[in-house]
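Per numbering that gives the first Met the number 0: the sequence shown ends with 138, consecutive numbering throughout.
All residues carry an ideal CB built from backbone N, CA and C; glycine is no exception.
Data first, discussion second: the structure below is written as structure tokens.
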Amino acid sequence: MAIFKAEYRANFSDTDAAGIIHFSTIFFWVEATEEALYRQLKLPFLKSDGNKLMGFPRVRVECDYLAPIYREDLVVIELSPRELGDKKIIWNFKAKVGEKEVANGALTTVYAWREGQGPMSAALVPLETKTTFENFFKV
């Protein structure tokens with residue numbers, strides 16, 4: 000299976016008083032990596048059609064922190080699908096500094112739409128999106 004990668008530098012604003020990144024920084028990087036994947040594959044990350052908004056809201060996230068990430072560390076986020084379901088996508092992710100894995104986890108998204116300011120409703124993942132991911136990741 001293929002892996003999508005993106006690289007980030009741990010900046011001062013990402014860290015706490017000890018110079019270690021704040022735990023939430025990983026989630027920002029994972030989400031930015033996911034958006035970069037959509038951009039590279041020319042898929043809509045968020046789509047609006049008149050008053051209707053469609054996309055992949057996050058419904059679950061988990062992360063195990065294996066080692067600290069310090070300011071100025073160069074961090075690679077690796078993203079791969081655990082599940083390309085009919086209504087949801089579960090992404091596995093790893094964070095590495097050099098060859099050392101410093102964190103790993105999963106992000107669950109569901110495809111949903113909303114009319115105006117109404118409630119979100121789950122829907123089927125668009126076939127083009129699912130097929131593009133299957134071809135890219137060779138699953």
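I need the boundaries of the alpha helix (DSSP H) containing residue i, first residue and last residue.
i	result
Thr-14	Unbroken run through Thr-14: none, as it is neither H nor E.
Asn-210	In the structure as shown, the chain begins at 0 and stops at 138. Residue 210 is therefore absent and cannot be evaluated.
Lys-137	Run containing Lys-137: none; DSSP gives neither H nor E here.
Name, in chain order, the residues that DSSP records as bridge partners for residue i.
i	result
Lys-41	Paired residues: none, contrary to the question.
Asn-91	Ser-79 and Ala-105
Suppose you measure from the CA of residue i to the CA of residue j; what does that come to, to the nearest Å?
i	j	result
Glu-71	Phe-11	8 Å
Arg-81	Val-29	15 Å
Lys-192	Gly-115	Any question about residue 192 goes unanswered here, given that the chain covers just 0 to 138.
Leu-73	Cys-62	19 Å
Thr-32	Gln-39	10 Å
When burial is assigned at 16 or more other CB atoms within 10 Å of the CB, is residue i buried or exposed?
i	result
Ala-9	buried
Val-138	exposed
Thr-24	buried
Asp-13	buried
Between which two residues does the beta strand (DSSP E) harbouring residue i extend?
i	result
Glu-6	3-8
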